[in-house]
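Here is the structure we will look at, set down as structure tokens.
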Amino acid sequence: MATKSFADDFTASLGCLLAPSLGRLATQLVLIPALSSREREVILEETRESLCSILHGKLTRLLLLELNAARVSERLSGTDGGERWSEFLEISSQFLFWEELTEHYPSLLQRVECIVRHRCEASLLFARRWVEDRDEIGVLCGAPAGELTALGFGAGDSHRGGFTVALLRCEGGRIVYKPRSVAVDACLQHFIEVLTQAHGHALNIRIPRVIDRGDYGWTEFVDHRYADGHDALTGFYRGIGHLLAIMHLLGASDLHAENLIAHGDMPVVVDCETLFTPKVPMPPTGFGKAFDHASALVAGTVLNIGLLPGRAQTLGWRGIDYSGIGLLPGQQPMMPQPAILKAGTDEAYLGSTMVPVPIAQNHPSPEPALATYWPQALEAFDQLTGTLRQLDAAGALEPHLRTFDDCRVRVVLRATEAYAEIARMLWHPVSLHNETQARQRARDLLAGMAANIVSAPSDPAVIESEMEDLLIGDIPMFSTRVCDGQLEGSRGVRWLQPGHLAQAALRHWRRSDVIFERNVIRAAMVSAYLNDGWTSHLGTLTPSVIRSEDLDARRRVQAARIMQGLVKHAIRGDDGSVAWIAPVLNPTGWSVQLLGMDLYGGLSGIALLAAAYVREMKAGRANPIAGIEELSKAVQHTLRLGEEQLAKTLHGDIRVRPPTPGAYMGLGAQIWTLLKLSQWNDHSGDELTRATALAEGMLEAAVADDMNDVLSGRAGAIPALLALAECTHEQRFVDMAIQIGDQLRELARHDGDRAHWVQPQMWPHGIGGYSHGVTGVGWALARLARATGESRFEDLAQAAFRFEDATFDEDEQNWVDLRNLGGPKSAFVWCHGSTGIGLAHLDMDPDLQHPRTQSLLRHAAAATMRMGLGWNHCLCHGDLGAWELLDQLMAGGVALDGMTRESLMARIVSSLEEYGPSCGLTKEVFVPGLLAGVGGVAYQLLRMHPDSHLPSVLILGS
1316 MATKSFADDF TASLGCLLAP SLGRLATQLV LIPALSSRER EVILEETRES LCSILHGKLT
1376 RLLLLELNAA RVSERLSGTD GGERWSEFLE ISSQFLFWEE LTEHYPSLLQ RVECIVRHRC
1436 EASLLFARRW VEDRDEIGVL CGAPAGELTA LGFGAGDSHR GGFTVALLRC EGGRIVYKPR
1496 SVAVDACLQH FIEVLTQAHG HALNIRIPRV IDRGDYGWTE FVDHRYADGH DALTGFYRGI
1556 GHLLAIMHLL GASDLHAENL IAHGDMPVVV DCETLFTPKV PMPPTGFGKA FDHASALVAG
1616 TVLNIGLLPG RAQTLGWRGI DYSGIGLLPG QQPMMPQPAI LKAGTDEAYL GSTMVPVPIA
1676 QNHPSPEPAL ATYWPQALEA FDQLTGTLRQ LDAAGALEPH LRTFDDCRVR VVLRATEAYA
1736 EIARMLWHPV SLHNETQARQ RARDLLAGMA ANIVSAPSDP AVIESEMEDL LIGDIPMFST
1796 RVCDGQLEGS RGVRWLQPGH LAQAALRHWR RSDVIFERNV IRAAMVSAYL NDGWTSHLGT
1856 LTPSVIRSED LDARRRVQAA RIMQGLVKHA IRGDDGSVAW IAPVLNPTGW SVQLLGMDLY
1916 GGLSGIALLA AAYVREMKAG RANPIAGIEE LSKAVQHTLR LGEEQLAKTL HGDIRVRPPT
1976 PGAYMGLGAQ IWTLLKLSQW NDHSGDELTR ATALAEGMLE AAVADDMNDV LSGRAGAIPA
2036 LLALAECTHE QRFVDMAIQI GDQLRELARH DGDRAHWVQP QMWPHGIGGY SHGVTGVGWA
2096 LARLARATGE SRFEDLAQAA FRFEDATFDE DEQNWVDLRN LGGPKSAFVW CHGSTGIGLA
2156 HLDMDPDLQH PRTQSLLRHA AAATMRMGLG WNHCLCHGDL GAWELLDQLM AGGVALDGMT
2216 RESLMARIVS SLEEYGPSCG LTKEVFVPGL LAGVGGVAYQ LLRMHPDSHL PSVLILGS
């Protein structure tokens, strides 16, 4: 199947749409006498290329639709698909073709002509500005500018009628043209100079030199350059700490990867236009007052700068960390890119291909080592924040901020990716055919966004202005003067009340908690990594001395300390709700945020843990903890509020994406948690009713989701539904599980007698292991087969296990980790390695009756013993996950060389005593989550008591 990108197709078809305006532009350029003929050619050709690229993106879908229509109606006379493709290209390159299309797409030519006219006008204005300022801007490249030799429009989004940033190459060097004021850049540069003097030490940051012309400006071009050695890398990351301190004070936002360039030992901010972003008050979330308070805390932290790692949620960018110090190579999912499939034939159609995320220039080394240099960034943040506090105490800080008063700044109200998605919808052939309906759909989407995103405008006039921008190829832009604060958009629209933004930023900064900000910075680092460190950056956690005495008392102490931390770090509301802020894993990756409703790292897991501790404490198997019973009630109350809010959202006027169905992140997680809580409450509460209500949305969630795994996808729905059916004795829940099992059958990819499932952005060729891979899906299908007697599910489960078997490496004596993260070839962990694989098969054959199970578990136990202890403590990828497999095997009479249940427990308790609970990169931050946080460590410590009957959370049974 032939595949081509947009840039290779239909260029000839677009030429007739460009010719008139480009002809006028050529004439107008001749009338600028200071332009040489070579410069005119450079400007004209770059305008042509940029317009072709823009229109390709807007019109390819329409052209392919028309190609298909011509083929079906036999209007093409070529003898084969290739000839008919060439014939269509010839037809579509005639203006008559486009005129005839207006019958079906009335506004098409008007929209295209608007884009072309705007871009040509912007190019002409650039040419005039270039010749006017040529003699003065040479200072930015260190030599007389001379003749313009190369030009690149589109170094950024198009705003305000086709204006874009342009990269220039002239005889004197390289320069950047910005069609906006760059006064804020100059003020920031001066502010940094003032701070350097006050700080007494050099600040490892830089702002490019600028020449401001009011409505536009010129800036120095900064090339990307790797740091030379350890000292330079230390300097770079100290610069990141300095940037965080300054940008937190100045209320910056949108400092993403493209706005930061690594230049040796300095991070260089190449776009400063989003300083003093106004803080819009947040409405109640519906999850309780604790959640509201925690949301406000997060919204006001350094996370808003955009410099710290965090995973995107928007369609097409889901899971990508596009932050200023993020976008780590090897730590991003693949991203979809539109492409013409079967190009060169009359059967061509628009599809997508998965491509790596483009490499940015924000890193100081080919393999950035955030975990190595982050202490230097934190130290620099602390030191410069201290200097700023001293300046403020002396009354010197506010006068320095007044220099920004007349600067114009930009405020990003909606994610550019969200605008881009709506723009694609507006240019879809169906939308071009029925523009009235498309406009209303766009209005509804923008209004719906305003209902869920506090910064998004809801004013109908503003929304109308945004939509008009998108119709003509622009990304809406809002700006204001710092001393004014009321935002101005296209067509004279305004939003927000006036206010002095610098003074507001200073007030907010004064109220901020430096210790809390520091913890947020440290916690955010883990978000840069898809894998949070099951191969430890911190060295071994193997205890220097393994003590076996008083094990139960020491176990109790370690569990109690974790639970005391849980109580201490809780954010409480006066309505009985509770919340925590921590690095958490969601379906798109790690991010620092409020704990959600999930079991993996969220409130369902905390509810289960707290209730389990209360249960064990009352039974005399855990030490008393002050406040733990009240906390347990508060978490369960917050879960109930979350369920009520979810119901309101799903049944509201605005259509929203259903939650994921998975067993650890999604409806399955919430259902299973409620069933366990119901059992522990002797079915005296409303948990079973609530679980049943959640299950009503399971089929819709499964259809809407793009994951098939146990963690967050379809397979994870099956054990929850089977458990619910067992509790309620209702066959309809088994029927739901069957429908989802059949969905998995339809989505399975077969290779001979093996089966696997794909996730295009992450694992397009399938993956092994339990949480995301074939073992987990196979386990869920096997459970379904046993519950229903349906052999088709057992057959598919066995095909999945054969896929996993094929990944076993004899040299490694372990299963290969197909994620290919650049670390060890195989993994011991629950999520992707031997621990999870072993536990799944042990659950299906607990008495080890089958020789295959015996052989598999020997391999799993050996690999886990060899690799799986001493790196990490958590359940997901650490000692407490490995403990469950090894302990269950020994409890079942399986002898493990040199190990007993008591010696394993002694090793783990001794490690916790010596090092403290360590969950990888999050070691320095309290992470209460069950699977990847210290909550799971406490839970397993409770289960270590011989009389405990707490259920496993690694294999979710009924």
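The sequence shown lines up with residues 1316 to 2273 when you count with the working numbering.
Quick reminder that beta carbons are idealized off the backbone N, C-alpha and C, glycines included.
Extent of the continuous beta strand (DSSP E) run through residue i
| i | result |
| --- | --- |
| His1516 | Careful: His1516 lies outside any beta strand (DSSP E) and carries neither H nor E. |
| Thr1464 | Leu1463 to Phe1468 |
| Cys1485 | Ala1481 to Cys1485 |
| Arg1725 | Arg1723 to Val1726 |
Pairwise C-alpha distance: residue j and residue i
| i | j | result |
| --- | --- | --- |
| Arg1386 | Ser1401 | 12 Å |
| Arg2106 | Pro1673 | First, the residue type needs correcting, since residue 2106 is Ser and not Arg in the sequence shown. So the alpha carbons of these two residues sit roughly 45 Å apart. |
| Gly1666 | Ala1384 | 17 Å |
| Val1584 | Ala2115 | 49 Å |
| His1505 | Ala1605 | 41 Å |
| Thr1855 | Leu2036 | 40 Å |
| Thr1850 | Cys2189 | Confidence at Thr1850 is low in this model, with a pLDDT of 45, below 50, so the placement of that residue should be treated as unreliable; the coordinate-derived value is given next. Cα to Cα, the separation comes out at about 12 Å. |
| Val1345 | Ser1336 | 14 Å |
| Gly1556 | Asp1580 | 13 Å |
| Glu2119 | Lys1933 | 43 Å |
| Asp2158 | Gly2235 | 28 Å |
| Ala1614 | Val1829 | 15 Å |
| Tyr1979 | Phe2241 | 20 Å |
| Gly1911 | Leu1918 | 6 Å |
| Val1550 | Asn1519 | The sequence given here has Gly at residue 1550, not Val. Cα to Cα, the separation comes out at about 6 Å. |
| Phe1410 | Leu1378 | 14 Å |
| Gly1916 | Ser2267 | 15 Å |
Cutoff 6 Å; reference residue i; Cβ partners in own chain excluding five residues on either side
| i | result |
| --- | --- |
| His1852 | Confidence is the limiting factor: at His1852 the pLDDT is only 49, short of 50, which leaves the residue's position unreliable, though a coordinate-based value still follows. Contacts found: Ala1686. |
| His2147 | Gly2084 and Asp2132 |
| Gly1393 | Arg1399 and Glu1402 |
| Ser1422 | Glu1750 |
| Arg1862 | Ser2225 |
| Ile2270 | Leu2154 and Asp2158 |
Host alpha helix (DSSP H) of residue i (start-end)
| i | result |
| --- | --- |
| Val1491 | Taken as a continuous stretch (DSSP letters only), Val1491 belongs to no alpha helix (DSSP H), being part of the beta strand (DSSP E) at Gly1488 to Lys1493. |
| Gly2185 | No alpha helix (DSSP H) contains Gly2185, which DSSP labels as neither H nor E. |
Cβ-Cβ distance between residue i and residue j below 9 Å
| i | j | result |
| --- | --- | --- |
| Leu1982 | Glu2002 | no |
| Val1950 | Ile1921 | yes |
| Thr2103 | Val2025 | no |
| Thr1326 | His1371 | yes |
| Ala1560 | Thr1592 | no |
| Ala1328 | Leu1404 | Correcting the residue type first, residue 1328 is Ser in the shown sequence and not Ala. Going by C-beta atoms, Ser1328 is nearer than 9 Å to Leu1404. |
| Arg1871 | Asp2262 | no |
| Ala1738 | Leu1747 | no |
| Pro1858 | Tyr2230 | yes |
| Val1726 | Arg1796 | no |
| Asp1661 | Gln1646 | no |
| Leu1816 | Asp1799 | yes |
Backbone secondary structure at residue i - three-state DSSP
| i | result |
| --- | --- |
| Phe1606 | helix |
| Arg1540 | strand |
| Thr2007 | helix |
| Gly2153 | helix |
| Trp1445 | helix |
| Leu1642 | coil |
| Pro1348 | coil |
| Leu1665 | strand |
| Val2268 | coil |
| Asn1677 | coil |
Min CB distance residue i to chain D below 9 Å
| i | result |
| --- | --- |
| Thr1589 | No chain D appears in the structure shown, which is made up of a single protein chain. |
8 Å Cβ shell around residue i - same chain, five flanking residues per side excluded
| i | result |
| --- | --- |
| Ala1609 | Ile1886, Ala1894, Trp1895, Ile1896 and Leu1909 |
| Glu2015 | Pro1973 |
| Ile1522 | Asp1500, Leu1503, Gln1504, Ile1507, Val1583, Val1584 and Cys1587 |
| Leu2201 | Ala2176, Thr2179, Met2180, Leu2211, Met2214 and Leu2219 |
Same chain only: Cβ atoms within 7 Å of residue i, ignoring 5 sequence neighbours per side
| i | result |
| --- | --- |
| Trp1742 | Lys1373 |
| Ala1442 | Leu1344, Ile1347, Leu1350 and Ile1358 |
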